[in-house]
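Read the structure below first, then the notes.
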Amino acid sequence: MRQILQLELTSDRPRRRPAETEEVVFKRPISPTAHLKRRAPVSTASGRKGQLEGMRKLMAVKRLRRSTTPVTAGPPIPAADGKVVYVYSREATIAADLLPVNQGKAERTHALAAAYGLLQPSLVRLVAPKEATVQQLTEFHDADYLERLTDSKPQPKKQPEKRNIFGMKMGRDKQQQQQQKKKKPKQKRKPKKKKKTRSSDDEDSDDEGSDDDSSDDDSSASSSSSSSDSSEEEIRDGDEEFGLQHDCTPFPGVFQHAAMVAGATMAACEELKARRSSIAINWMGGRHPGFCYVNDIVLAILSLMGSFAKVLYIDIDIHHGDGVEEAFYYTDKVFCVSFHHYAPGFYPGTGRITQVGAGKGKYYTVNVPLKAGIGDEAYVELFAQVVSGIVTRYSPQAVLLSAADGWLPWRGFGACRGLGECVRTVRDLCKGRGDVPLLVLGGGGYNSTNAARAFTHFTSLLLDKELPNDIPEHRFFEDYKDHGFQLHLPAGHEPDKNDQAYLDQVRQTVQDNLARTAGAT
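Numbering (this note's numbering) for the sequence shown: -15 to 505.
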């Protein structure tokens, strides 16, 4: 089994590659939940804001009523299988890597984990996922949006402006006519017939006919141009309606990608719900800050809520987990905590410490906004204090951790070591409370080799295995030469703007808000 797996992950045989697409350029951030519902036009900005707020509340209530069933509170039942579940299949890897911004990320992650020997049958149980069904996806997403994803095609690229020999811009009709002429096959010329003598009336009638033919050609070109323009406009309007713009533009295979990523996360959930394992990993899921088309984190939490009375969501991505927070802002059945960078102009611009939930969910949302340059020691200490306090107070029956590596490129952390200590902390907290089911997802990380480094390190911690710093030889070995073929990257040198007074203030505010919750029941 081990040899088969290693051959599958490290073989040099030709593989089917995703279609090449143009690199996505991030222009303007949008909310990852902008596509959830159709919105009727509203005359004023204040009216739109009020309508959206009311819709969010209504959606939250409907989701909870539809997706949850009465659950008897009590201590978690120990898992039947002590092995960690690792979601993997060749088909899922190909689908996950269709995303243009991160091609090869999933494949490199699985290959590095296998090269370190972490995917041995004695350590993990591999689970092959299936694409999520439309019924599963509509637990959170709107059916019209999913239909748009299935039909989505990349927006037509604008043709570059062409100029004639005098440097003047050529009209669109002229461009299309030239393109049509290029496409038409050359026809053999027929031998010329001898001209017959014609009257002036015949010549006039022939000239009129030639004018009619040219006008017909012009009208057909004009109609094709207008129809092309209208179709492009319809595509743009549809994409704008569902938020399929900027970082979330459609690409070939987008629905296959989204359905498989969600299906992989749902497969991990099923293993935990069936108590076949206490830890499940899906590094292909969890993306929420951008370049995401379905919110598999919310789908996972809704699924877990069918078996567990209270779910704790922990987010250590550098970006605020706004989409997940918004989905459960009005309930106390899900506790959301997000550790993220917060600064003016930094995406998504939310995640203030004053955002604590509303209604029954008030104080069941914790935001830990951090300034630039925070180091390992300060981050890990703050994380351990906040999360352990929440676990003690809330007593969750299931935990979901989004362990993205978005901090790696620029923070003062010692590469993935600091985030790894956070993963270890969550693992120990769950284990210390009777093996509370733990679902670990990947998420962001836009450098594929760095993401593979981080996720492999996190996997070793969840398996309680130590790894050597030298990366073993495998199929993608040469990709790691920039940092001396080392697993851990050197720490950054950005000045730490988080002074002790600020960290103490954040810690105290979180503790005060936590004291206002109902506590463990």
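The beta carbon of each residue, even a glycine, is placed where N, CA and C say it ideally should be.
- Taking C-alpha positions only, residue 111 is separated from residue 252 by approximately 8 Å.
- In the DSSP assignment, residue 403 falls within the alpha helix (DSSP H) that extends over 401 to 416.
- Per the coordinates, the alpha-carbon of residue 247 lies some 32 Å from the alpha-carbon of residue 473.
- Between the C-alpha atoms of residue 372 and residue 266 there is a straight-line separation of about 24 Å.
- Per DSSP, residue 265 lies in no alpha helix (DSSP H) segment; the continuous beta strand (DSSP E) that holds it begins and ends at 263 to 266.
- Note that the C-beta distance between residue 331 and residue 303 is below 8 Å.
- Take the alpha-carbon of residue 489 and the one of residue 334: they are about 19 Å apart.
- Each residue's CA atom was taken as its position, placing residue 340 and residue 367 some 17 Å apart.
- For the pair residue 381 and residue 284, the Cα-to-Cα distance works out to about 14 Å.
- CA-CA distance, residue 293 to residue 370, rounds to 22 Å.
- Look at residue 443 here: in three-state DSSP terms it is helix.
- Between residue 485 and residue 351, the alpha-carbon positions lie close to 17 Å from each other.
- Residue environment: residue 134 is assigned as exposed (fewer than 16 neighbouring CB atoms within 10 Å of its CB, all protein chains considered).
- The alpha-carbon separation between residue 451 and residue 470 amounts to approximately 11 Å.
- Only residues of its own chain outside the window of five on either side were considered, and among them 67, 69 have a CB closer than 6 Å to the CB of residue 109, listed in chain order.
- With a cutoff of 8 Å on beta-carbon distance, residue 456 and residue 127 are scored as not near each other.
- Within the same chain, 326, 351, 353 come within 8 Å of residue 336 by CB-CB distance, once the 5 residues on both sides are set aside.
- At a Cβ-Cβ threshold of 8 Å, residue 446 and residue 420 do not count as neighbours.
- Runs of the beta strand (DSSP E) lying entirely within the region 321 to 373, each at least 3 residues long, are 349 to 354 in chain order.
- Only buried fits residue 301, as 16 or more other CB atoms lie within 10 angstroms of its CB.
- When the alpha-carbon of residue 444 is set against those of 113, 263, 75, 89, the nearest one is in 263.
- If you look at residue 486, you'll find it isn't in any beta strand (DSSP E); it sits in the alpha helix (DSSP H) that goes 484 to 499.
- Across the structure, residue 422 and residue 271 are spaced so that their CA atoms are roughly 18 Å apart.
- If you look at residue 284, you'll find it in the alpha helix (DSSP H) that goes 280 to 288.
- For residue 296, the enclosing beta strand (DSSP E) has its first and last residue at 295 to 299.
- By the neighbour-count criterion, in which 16 or more other beta carbons inside 10 Å mark a residue as buried, residue 386 falls on the buried side.
- Under the three-state reduction of DSSP, residue 464 is assigned to helix.
- Under the three-state reduction of DSSP, residue 378 is assigned to helix.
- When the Cα atoms are used, residue 438 and residue 463 turn out to be separated by approximately 15 Å.
- Counting along the chain, residue 96 sits inside the alpha helix (DSSP H) bounded by residues 89 to 99.
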